[in-house]
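Colleague: Numbering (the working numbering), first residue to last: 323 to 688. This is the structure I want to talk about, given as structure tokens.
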Ligand SMILES: *Cc1c(COP(=O)(O)O)cnc(C)c1O
């Protein structure tokens, strides 16, 4: 009997790896060292290895990772930065906090990432950077975007907050841009038990600058050569993340298995399942279905004890916080349509087959 299917459940995860996690936390507590130590260094090294980047710099959150990447990349007050209209709002927050101005761009319905054919008409003389968001664990025109950025001398930052391990043509995301930003928010495919983030890069200058920026701009003790902030990934979270990194590939495979079940078992003309692109290794942070009667479907699932979420009901250009940028309804049709139709089904490694089948039966009955 199914009592309630939650959208996510980190208690189940902790139960699965409790021994490893308890051991890691205890190790840090007993070391008496909590900020910028061995645990962070080891996790940075392992994460860089996983991504295949030369350097990795741990920071306090995914938002900070994007913000510091922009600052290290030389973004100045008033510079325009291209951001998809459909993304988690923090992508845009990071731009404004770095002093930049988000210049929104629409997504393509093929994969819900930015539509690279629109780049040419979105840039202007103030555009300095592009943020490519690998939304929902999926990816899209990242190669085209990289080519465009290179031709137009723009900084390319990948927002990989939802895409730890996603690949495009066998190349892992986080290695296409000048820098890539990861979030380890607890519910992400790789999540801390608190806040944490990371920047990956192959560029030594960016690496050196990022290490200073996250730690008061300090070059060495008492010597500050940048105007920095405090944004560090602490030792306990580093130890937890290092432990969980060992499970990431297995957990991503389980997400893919669940996505395949949804793809196979959901049969309802009112529902549009995410399209599958053979060149993309999608790690399904989110399983986004579309339905014109989305709100009814969500209530129906809720009545039957299935929790779902919407990613995201309001595109960033229509958020109150960005009204000063003078965008209006109708500016980004695909993003707005998705906001009205998208529904995220539960997908997490510890979700059981029985629960997935229960959800599919309900959807087919709807
Ligand atoms: C989660 C997320 C962020 C922000 O990460 P935090 O660690 O919560 O700061 C940024 N961009 C995207 C696409 C996200 O999903």
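Note that the Cβ used here is the ideal one computed from N, Cα and C, for glycine as well. Treat the numbers as computed from the prediction; the structure is a model and nothing was measured.
DSSP on residue 602, reduced to helix/strand/coil?
Modeller: Three-state result, residue 602: strand.
Colleague: Applying the 10 Å Cβ sphere with the 16-neighbour rule, what's the burial state of residue 519?
Modeller: It counts as buried.
Colleague: Could you give the DSSP three-state label for residue 493: helix, strand or coil?
Modeller: Note: residue 493 maps to strand in three-state DSSP.
Colleague: How long is the line joining the alpha carbons of residue 619 and residue 677, rounded to whole angstroms?
Modeller: Their Cα atoms are separated by approximately 17 Å.
Colleague: Compute the minimum distance between the beta carbon of residue 634 and the heavy atoms of ligand 1, and state whether it is under 6 Å.
Modeller: No - ligand 1 has no heavy atom lying nearer than 6 Å to the Cβ of residue 634.
Colleague: Please go through the same chain and pick out, in chain order, the residues whose beta-carbon is closer than 7 Å to the beta-carbon of residue 533, but skip the five residues on each side of it.
Modeller: Contacts found: 379.
Colleague: Can you find a heavy atom of ligand 1 that lies under 6 Å from the Cβ of residue 455?
Modeller: Yes, since a heavy atom of ligand 1 falls inside the 6 Å radius drawn around the Cβ of residue 455.
Colleague: In terms of alpha-carbon separation, which member of 483, 527, 514, 587 lies closest to residue 558?
Modeller: The shortest C-alpha separation from residue 558 is found at 514.
Colleague: Have a look at residue 470 and residue 505 and give me their C-alpha separation to the nearest angstrom.
Modeller: If I take the Cα positions, the gap works out to 26 Å.
Colleague: Since residue 379 is in the beta strand (DSSP E), which residue starts that stretch and which ends it?
Modeller: Start and end: 377 to 381.
Colleague: For ligand 2, any of its heavy atoms closer than 6 Å to the Cβ of residue 481?
Modeller: Absent from the structure shown: ligand 2. Ligands present: ligand 1.
Colleague: How far does the alpha helix (DSSP H) with residue 502 in it extend, from its first residue to its last?
Modeller: Here residue 502 belongs to no alpha helix (DSSP H); instead the beta strand (DSSP E) covers 501 to 505.
Colleague: Is the distance from the Cβ of residue 388 to the Cβ of residue 503 below 7 Å?
Modeller: Contact: yes.
Colleague: Just to check, is the beta-carbon of residue 702 closer than 6 Å to a non-hydrogen atom of ligand 1?
Modeller: Not covered by the structure: residue 702. The range shown for the chain is 323 to 688.
Colleague: Any contact of the stretch 625 to 640 with the stretch 653 to 660, i.e. 3+ C-beta pairs under 8 Å?
Modeller: The stretch 625 to 640 vs the stretch 653 to 660: in contact.
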